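Data first, discussion second: the structure below is written as structure tokens.
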Amino acid sequence: MALFEQVLEAVQAVQERAVLKPVVALILGSGLG
């Protein structure tokens, strides 16, 4: 169960980064543009 939870947390972290990067890029791009 602990291993499953660790995998779940890792997946969530990757998803958050995958969502965060384009958002940050958009904000920076629109801010500079």
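With numbering that gives the first Met the number 0 applied, the sequence shown has no gaps in its numbers, which climb one by one up to 32 at the end. Glycine included, each C-beta is placed from N, C-alpha and C at the ideal position. None of the values given here were measured: they were computed from a predicted structure.
> From Val13 to Phe3, what distance separates their C-alpha atoms?
Replying inline: 15 Å
> How many angstroms separate the CA atom of Val18 from the CA atom of Leu25?
Replying inline: 11 Å
>> At the level of alpha carbons, what is the spacing between Gly30 and Val23?
In response: 10 Å
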